[in-house]
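Engineer:
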Amino acid sequence: MSLPVTQEAVFIGVNKQNYVSDYNQHHKLIAFGASNTVALWKPLDKTHHGVYYTLKKHTKEVTGVKFLPNSEFLVSIGEDHVVNVWKKSNDVYTHHQSLSGHEHSVTCIAEVNEHIFVTGGADKKIIIWVNNGDGFELGHKFEVKHNFYPLSLAIQQIDDDGSYILAIGGTTNNIHIYTLHFSNGPVSSVDKSAELTGHEDWVKTLQFVTKSKHKDYILASGSQDRYVRLWRLKLNDAIDNTDEDPSKLTLLSNKQYKFDFGGGKRAAFSFEALIMGHDDWITGIQWHPSCKYNSENSESKLQLLTSTADTALMIWEMDTESGIWVCTSRLGEMSIKGASTATGASGGFWSCLWFIDDITNEEYVLATGKTGAIRAYKSAPDNTKYFEETIGVTGAVGAITDLRWSIGGEYFMATSLDQTTRLYAPWKRNSVTTWHEIARPQIHGYDMICCDNITKTKFVSGGDEKILRVFELTESIRQHLKALGGIEISDDNEKLPEFATLPVLGLSNKADAQVEEETKNDDSAEDIVLKAQDQIQAPPTESYLQRNSLATEIEKLYGHGYEVTCCSTSPNGKLIATSCKSNNAKHAVIRVFMVDNDYQQSKQVLAGHNLTISSLKFSPDSRYLLAVSRDRQFSLWKLIDEEKAEFNLVELNAKPHSRIIWDCSWLPNATSFVTVSRDKQMKLWDIQEGKVSLVNALKLGEAITSVTIFKGKQSLNSSIIALGFESGKVCVYRTDSTGFKEAVSFDETITPADRIEKVSFSTQITENKLLLGVGSKDTSVRVYSIEDSIFG
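Take a look at the structure:
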């Protein structure tokens, strides 16, 4: 039996942390920290479904995830001081344990096998967690030194009797080496053994690799000094007894750091190589996957992948003749001159992954960056030195603030506090339909707050500034929508700008004059468009989205004295209503702009509220404008002159709710509407003979933060209402002459992990299913399909 609700898509950005993602070779699965959830993605899935599940337990941002080798366990750490252990259950993971021990944010994690893993935190503590058979428990807890904060960890088993080497990097220039002993019981001892010197800044990332089947290991360390240093670890008889050459520079010192690790056994670290070539902090290190997952019969390649804050991914290999480590492949982007962490830039990459597809033998290099995307690069099966970018994962890294479906209901746009407006649409091929980010029409300098459609090709958006901006979609976006989803947003006679670009230090997207000039007098311009359409075989990659998918800005709307909070366009596309933040009646007004009159503002300002207006909605027939506010009132206005944008006040209802009214939505009949509030109530109102009367009210268990009503063509006997709640819960109700009736409550495993900021129905019914878009404070945008049979 099919479920009435299906989660069709999840778009959620990756957190900016060094240990934020991990790959499970056995299950072909990537887990990554996304806001306060752990997202799951199958990168080798040929349907390109993207994120298919999010794990909810953390209450603050997830700072790291690790799969424990040879086990069904996944471990996540977060700013909420908690270490969560998850256990595999079918295709997802269920919560197994919450481990307490840290007093502040957990910053780093390292694993070695299914029996033991290590975490470090902002409380300066290092905790070794061990598996006692029934679960994990605190095995040992210690501090490295006074005022030292751990930022990176690596652990390596060096003996079958349970001896381990633990390397710790952090807020000093040195790497601290500890030995510990554990064998199916408590940790018997933890001893500081050495301190590796050489780096000139904090050590951000560490990773061990076994060089051969013999007991010979290499530790790679990446630092904020822009260098990677390699350290060789030798055991017992392999230790070189020669002394350090005093004539060598300190930078390239061959000093041996010798120590005992119990039972008369000896070990020694020595400096092996210095890797130079990056222009900014080293953020991630990965040894070639054949080293990590090698079997007794496989040949491992000693290669190293590094990711940095200069937007570069480099693969390094030792030249056999000179012994010097050289870069064999460079991926990512060329860094912008002058933009670095030293000048306050937060760009570049924050972590990296490297794995092999066992079936095709293709190598994949992945990197997470400031835009929230996971960029994926795939090698050719027969040449692993050449990579090309392929479909990865995209999503916002700030709270979603608004979500609006297109006029036809085929696709939608969402705004976010990460200063972007993103366009999501379906990719249809054969019997498979998946959702993807098709364009990023606006990349702004202010947090984005609201948006709405004006026509099929124009939209208006408001950021955390005093003005609103009107945009026009480009020919490039039109081609992608048509080629991938069969969506047509303009007829052949309508001329759209080819591309848009964002000038350096600018906030306004301009049409790319160069492209327009090239095709202006070209008789084959139509052929060029058709050819481009044929070449679009897949959704755009992150590189394309950032550079080539902007919309063109055509107008600015002025008038507000404070930051814009909401906007609404009339369904006929002739009026735009807007409002801004306010703590007094002077600024708690609605301003209306006339689209057909060059976006001029109406002389009439709609006043009546005392505090910020939280939501504005035109009725489906464009005759009424409804506003709800933080002052616990709603106001209803009737349009009396469309050419002059003049309104009459129908009603200013004095506190119909006892708390802030968060949202409102119209029924398809255009004479009834619903309001929802922090007072946990949903109320249905009706307009009769110029008066508004309460028809129905429903008290629910928690604050309702958003509401939407399905307005598509339907043969249903009742109106369908979707509600979003403060906890992230989503419910669908129907209303008829007898009142409100709950139709379906979404399973909490597929709902967001934080407050719902916006719910919005598409006007389409596709394959007897309704589509619901949900935007949340947890930075996720989700698309759900709901069987229309449940509404009778």
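Under the numbering used here, the first residue of the sequence shown is numbered 1, with each subsequent residue one higher. Ideal placement from N, C-alpha and C gives every residue a C-beta, glycine not left out. What you are looking at is a predicted structure, and each value in this text was computed from that prediction instead of being measured.
1. Note down, in chain order, each residue of its chain lying with its Cβ closer than 7 Å to the Cβ of Lys581, except the 5 sequence neighbours on either side.
2. Going by DSSP, what residues sit across from Pro150 in a beta bridge?
3. Name the DSSP bridge partner or partners of Met276?
4. Once DSSP output is grouped into helix, strand and coil, what is the label at Tyr377?
5. Under 7 Å Cβ to Cβ from Glu488, same chain only, skipping five residues before and after it: list those, please.
6. When we look at the beta-carbon of Tyr558 and count the other beta-carbons within 10 Å, is it buried (16 or more) or exposed?
7. Nearest to Ala588 by CA position, among Asp598, Leu606 and Asp596, is which residue?
8. With distances taken between CB atoms, is the gap from Gly121 to Val144 smaller than 7 Å?
9. On the three-state DSSP scale, how would you describe Ala585?
10. Flag this pair as touching only if the stretch 762-769 and the stretch 37-51 have three or more C-beta atom pairs under 8 Å; answer yes or no.
11. Indicate the three-state DSSP secondary structure (helix, strand or coil) for Asp598 in the structure shown.
12. Does Lys482 come out as helix, strand or coil in the three-state DSSP assignment?
13. As a quick exercise: from Asp447, Pro503 and Ile438, pick the residue whose alpha carbon is nearest that of Ser476.
14. Measuring alpha carbon to alpha carbon, tell me which of Ser188, Val118, Asp452 and Ser21 ends up nearest Leu575.
15. Ignoring anything shorter than 3 residues, give me the beta strand (DSSP E) runs that lie fully in the stretch 185-233, in order along the chain.
16. From Leu639 to Thr94, what distance separates their C-alpha atoms?
17. What does the alpha-carbon distance come out to for the pair Leu797 and Ala268?
18. Pick out whichever of Glu742, Tyr411, Lys428 and Leu403 has its Cα sitting closest to the Cα of Leu417.
19. Starting from the C-beta of His444, find all residues in its chain whose C-beta is less than 8 Å away, skip the five residues before and the five after it, and write them out in chain order.
20. What's the C-alpha gap between Tyr217 and Glu702?
21. Could you pull out every residue in the same chain whose Cβ sits closer than 8 Å to the Cβ of Leu151, ignoring the five residues on either side in sequence?
22. Can the beta-carbon of Ser379 be found closer than 7 Å to that of Thr368?
23. What's the call for Ala154, buried or exposed, on a 16-neighbour Cβ count within 10 Å?
24. From the DSSP output, read off the bridge partner residues of Pro69.
25. Which residue comes first and which comes last in the alpha helix (DSSP H) that contains Tyr544?
26. Tell me the DSSP secondary structure of Ile721 in three-state form.
27. Out of Lys655, Val228 and Leu423, state which residue places its alpha-carbon closest to the alpha-carbon of Gly409.
28. Could you tell me which of Ser307, Trp405 and His288 sits nearest to Glu362, measuring between CA atoms?
29. If you compare alpha carbons, which of Ser693, Lys699 and Leu694 is closest to Ser677?
30. For the pair the stretch 375-389 and the stretch 10-30, tell me if three or more CB-CB distances fall below 8 Å.
31. Can you say whether Ser776 is buried or exposed, counting buried as having 16 or more other CB atoms within 10 angstroms of its CB?
32. Considering only their Cβ atoms, is the gap separating Ser745 from Cys731 smaller than 7 Å?
33. Might you give, ordered along the chain, the residues of its own chain that have their beta carbon closer than 6 Å to the beta carbon of Ser789, omitting 5 neighbours on each side?
34. Using three-state DSSP, classify Gln535 as helix, strand or coil.
35. Report back the beta-carbon spacing between Thr63 and Gly78 to the nearest angstrom; my notes put them in contact at under 8 Å.
36. Between the beta-carbon of Ser602 and the beta-carbon of Val592, is there less than 7 Å?
Structural biologist: Concretely, from the data shown:
1. So the qualifying residues of the chain are Tyr562, Glu563, Thr565 and Thr612.
2. Gly170
3. Its beta-bridge partners do not exist; DSSP assigns none.
4. strand
5. Lys482
6. exposed
7. The shortest C-alpha separation from Ala588 is found at Leu606.
8. Not closer than 7 Å, so no.
9. coil
10. no
11. coil
12. helix
13. Ile438
14. Asp452
15. For the stretch 185-233, whole beta strand (DSSP E) runs of length 3 or above, ordered along the chain, are 189-196, 203-210 and 216-223.
16. 54 Å
17. The requested residue 797 is not part of the displayed model; the chain covers only 1 to 792.
18. That would be Leu403, whose Cα lies nearest to the Cα of Leu417.
19. Gln419, Thr420, Thr421, Gly463 and Leu507
20. 56 Å
21. Asn18, Thr107, Cys108, Gly120, Gly169, Gly170, Thr171, Trp202, Val203 and Lys204
22. No; because the gap between Cβ atoms is not below 7 Å, this pair is not in contact.
23. Per the 10 Å Cβ criterion, buried.
24. None; Pro69 has no bridge partner.
25. For Tyr544, the enclosing alpha helix (DSSP H) stretches over residues Glu542 to Asn548.
26. strand
27. Minimum Cα distance to Gly409 is reached at Leu423.
28. His288
29. Nearest C-alpha to Ser677: Lys699.
30. no
31. buried
32. yes
33. none
34. helix
35. Between Gly78 and Thr63 the Cβ distance is about 6 Å, and since that is below 8 Å, they are a contact.
36. yes
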